[in-house]
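Visitor: Each position in the sequence shown, counted from 1, maps to that position plus 14 in our numbering.
Just so it is clear, CB atoms sit at the ideal spot from N, CA and C, and this is done for glycine as well.
First the structure, then my questions, so here it is.
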Amino acid sequence: MKRFSRDVPQNNTPSVRKDARHAWPALTLVSMLVIIALLSSCARLPFTSTPSEVTEPPPTEVPATTEAAATESPGERTACSGGDGKFTCHGLSDHILTLENVPVGAIPYLLDISDEAALREAPREEGIGCIFVVVGDLAFYEEDDEPVHTFETPVTGVYTLTEEDKAACSDYLATLATEQGIKENEVDYIPVYFSDGMWKDLSEDYEVVIDGNTITMTVTTWGDSPIGGGTKP
Numbered sequence: 015m016k017r018f019s020r021d022v023p024q025n026n027t028p029s030v031r032k033d034a035r036h037a038w039p040a041l042t043l044v045s046m047l048v049i050i051a052l053l054s055s056c057a058r059l060p061f062t063s064t065p066s067e068v069t070e071p072p073p074t075e076v077p078a079t080t081e082a083a084a085t086e087s088p089g090e091r092t093a094c095s096g097g098d099g100k101f102t103c104h105g106l107s108d109h110i111l112t113l114e115n116v117p118v119g120a121i122p123y124l125l126d127i128s129d130e131a132a133l134r135e136a137p138r139e140e141g142i143g144c145i146f147v148v149v150g151d152l153a154f155y156e157e158d159d160e161p162v163h164t165f166e167t168p169v170t171g172v173y174t175l176t177e178e179d180k181a182a183c184s185d186y187l188a189t190l191a192t193e194q195g196i197k198e199n200e201v202d203y204i205p206v207y208f209s210d211g212m213w214k215d216l217s218e219d220y221e222v223v224i225d226g227n228t229i230t231m232t233v234t235t236w237g238d239s240p241i242g243g244g245t246k247p
């Protein structure tokens, strides 16, 4: 009978190719060399810290609404004293303006007049001669600086023109007498207010009562308007 035979491994260790057994250590050695080379390169690099660039913050843009509000702000001003609808305003050259029936929420102010003399020389409505005094620049504002131009019920204001005020127009009166033959007792002293770039007769646009040198005006509308005294002619 013919016999068959087979090779039986000497042990249970899996067989591995000889060239494969030598390849793994070689690969490990190469990897370690690469890592060492990279670490050496990093060690040779100088450590520098680049500071962040310091720049000025961009300017804050002012919204158009804020710019508009700024142009409408009242600027330098003095609040009139009082309350409950009655106020006293201390004007230029010690003039006193009293107000009554001012509505709740409206605050009267006298705005700053930087050059009274120049204001007196401003254009005048036809028929008005000399502007001899400026009492003050009256305006009304709410607490948030919103202007108040109309009143549901009339507001009353009272101020007085003094003899000293009238005497300030003496040069003008002398000119009238010389050039036109008009005497001082023929000149009417009138209350005036400044609006639309010129002086106007207050009594032509508002209800006005003149009692001697005392002027009482009653208004239901008002802007940012200086008031004072003038003449006709």
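Look up E221 in the DSSP assignment and give the residues it is bridged to.
Guide: To locate residue 221, count along the sequence shown from 1; it is residue 207. Its beta-bridge partners are T232.
Visitor: Could you check if A188 is buried or exposed, using at least 16 other CB atoms within 10 Å of its CB as the buried criterion?
Guide: Taking the sequence shown and counting its residues from 1, the one referred to as residue 188 is at position 174. It is exposed - the Cβ of A188 has fewer than 16 other Cβ atoms within 10 Å.
Visitor: Taking only the alpha-carbon atoms, compute the straight-line gap between C100 and A120 and give it to the nearest angstrom.
Guide: Against the sequence shown, residue 100 aligns to sequence position 86. Against the sequence shown, residue 120 aligns to sequence position 106. Per the sequence presented here, residue 100 reads as Lys, with Cys not at that position. Distance between the alpha carbons of K100 and A120: 11 Å.
Visitor: Are the Cβ atoms of T92 and V172 separated by less than 9 Å?
Guide: Taking the sequence shown and counting its residues from 1, one reaches residue 92 at position 78. Taking the sequence shown and counting its residues from 1, one reaches residue 172 at position 158. Cβ distance not < 9 Å, so T92 and V172 don't count as in contact.
Visitor: Between E114 and the rest of its own chain, which residues show a CB-CB distance below 6 Å, the 5 nearest in sequence each way excluded?
Guide: Numbered from 1 along the sequence shown, position 100 holds the residue referred to as residue 114. Here the set comprises K100, T170.
Visitor: Consult DSSP for D202 and reduce its assignment to one of helix, strand or coil.
Guide: As a first step, residue 202 must be located in the sequence shown, where it is residue number 188. If DSSP states are grouped into helix, strand and coil, D202 belongs with the strands.
Visitor: How is S128 classed by DSSP in three states: helix, strand or coil?
Guide: Stepping through the sequence shown from its first residue, residue 128 is reached at position 114. Three-state result, S128: coil.
Visitor: Where do the N-terminal and C-terminal ends of the alpha helix (DSSP H) with T189 fall, by residue?
Guide: Within the sequence shown, numbered from 1, the residue matching residue 189 stands at position 175. Run containing T189: 184–189, per the alpha helix (DSSP H) assignment.
Visitor: Could you spell out where the beta strand (DSSP E) holding D158 opens and where it closes?
Guide: Taking the first residue of the sequence shown as position 1, residue 158 is located at position 144. Taken as a continuous stretch (DSSP letters only), D158 belongs to no beta strand (DSSP E), as it is neither H nor E.
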